[in-house]
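One rule links them: number in the numbering used here = place in the sequence shown (from 1) + 9. A virtual CB, placed ideally from N, CA and C, is assigned to each residue, including glycine. These notes are about the structure you will find just below.
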Amino acid sequence: MPRVTLIDAQAASGESKSLLDDITATFGTTPAMFKAVANSPAALKMMWAAFGALGGGRLGAKLGEQIAVLVADRNSCEYCLAAHTALGRKAGVPASEMSQAQAGHSADPRVNAALGFAAKLVDSRAQVSDADVEALRAAGFDDEEIVEIVAHVALNLFTNYVNVALSVPLDFPKVALRGAA
């Protein structure tokens with residue numbers, strides 16, 4: 010049972026209505042997470058803008074979704090794990106690679122470096138070292154991409170917290186947590 014009202018796009022008003030209409034047009038439906046966040050037009054605006062901005066970033070949708078499933082698993086967020094697994098598949102990431110990303114691994118050395126850094130960000134609450142950042146550079150990431158990795162982790166922490174704390178009901182096919190948290 011959700012801990013906040015899930016705002017239906019049809020019943021919403023003002024800025025929430027406009028944003029939910031955009032979200033519904035994008036997804037073909039209104040995912041429950043957005044309905045929960047719509048209780049705060051400011052939070053919904055921030056979250057939707059962040060998704061849009063990072064979606065147009067240099068990391069690309071595939072790596073963004075791989076980071077998202079890793080963060081979701083570490084935070085035991087079933088909602089985000091399910092949603093981003095589906096979105097990763099839609100972005101062209103094979104199921105086996107999404108499962109590996111969930112565990113923090115990839116056969117691609119560049120992706121593997123990004124996932125390792127993202128995991129360290131979550132696990133150590135951002136207490137990373139110079140060597141951790143240098144490892145990203147050695148894998149081919151520049152400063153812009155490094156900042157985007159941090160941004161993806163931060164956005165996913167927000168959505169994980171929303172879904173777990175507010176008990177948002179799952180409306181994507183369930184994916185089993187690995188229990189990395």
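How far does the alpha helix (DSSP H) with residue i in it reach, from first residue to last?
i, result
"H93", "E87 to K99"
"S108", "A104 to Q111"
"R83", "G69 to R83"
"L56", "One point to set straight first is that residue 56 is Met, not Leu, in the sequence displayed. Where M56 is concerned, the enclosing alpha helix (DSSP H) stretches over P50 to G64."
"S27", "G23 to F36"
"K129", "P118 to D132"
"V13", "Counting along the chain, V13 falls outside any alpha helix (DSSP H), and DSSP gives it neither H nor E."
"T168", "D152 to A174"
In whole angstroms, what is the alpha-carbon distance linking residue i and residue j?
i, j, result
"K21", "M42", "The amino acid occupying residue 21 in the given sequence is Ala; Lys does not appear at that position. Approximately 15 Å between the Cα atoms of the pair."
"T14", "W57", "19 Å"
"V131", "V120", "17 Å"
"M55", "R83", "23 Å"
"R146", "A70", "20 Å"
"S25", "A174", "21 Å"
"Q19", "A59", "24 Å"
"K99", "I32", "17 Å"
"T38", "G23", "19 Å"
"G97", "E74", "5 Å"
"D152", "V142", "9 Å"
"V102", "Q111", "12 Å"
"F167", "A160", "11 Å"
To which residues of the same chain is residue i closer than 8 Å at the C-beta, ignoring the five residues directly before and after it?
i, result
"Q109", "S115 and A116"
"G125", "G113 and A144"
"D30", "A18"
"A190", "Here the model assigns A190 a pLDDT of 43, short of 50, so the residue's position is not dependable and the matter cannot be decided."
"F150", "R119, A122, A123 and I158"
Within a Cβ cutoff of 7 Å, which residues of the same chain sit near residue i, ignoring the five residues on either side of it in sequence?
i, result
"A81", "C89, L90, H93, N165 and N169"
"E154", "R67 and L68"
"P40", "A92 and D180"
Is the separation between the beta-carbon of residue i and that of residue j shorter than 8 Å?
i, j, result
"L72", "G113", "no"
"P182", "A47", "no"
"A45", "V171", "yes"
"P118", "A140", "no"
"L186", "S85", "yes"
Using only alpha-carbon positions, find the residue among the options that is nearest to residue i.
i, options, result
"A144", "A122, S176 and I158", "A122"
"L53", "P118, E74, I16 and R12", "I16"
"M10", "A185, L186, G188 and D180", "D180"
"S49", "G65, L186, L28 and A135", "L28"
"G61", "E157, P178 and L186", "E157"
"A127", "A77, P178 and A34", "A77"
"V162", "V142, R134 and G149", "R134"
"V177", "E87, M107 and Q136", "E87"
"T35", "G64, R12 and A51", "G64"
Can a CB atom of chain C be found closer than 8 Å to the CB of residue i?
i, result
"G61", "Here there is only one protein chain, and chain C is not present."
Any heavy atom of the ligand HEM closer than 7 Å to the Cβ of residue i?
i, result
"I32", "In the structure on display, the ligand HEM does not appear, and there are no ligands present to speak of."
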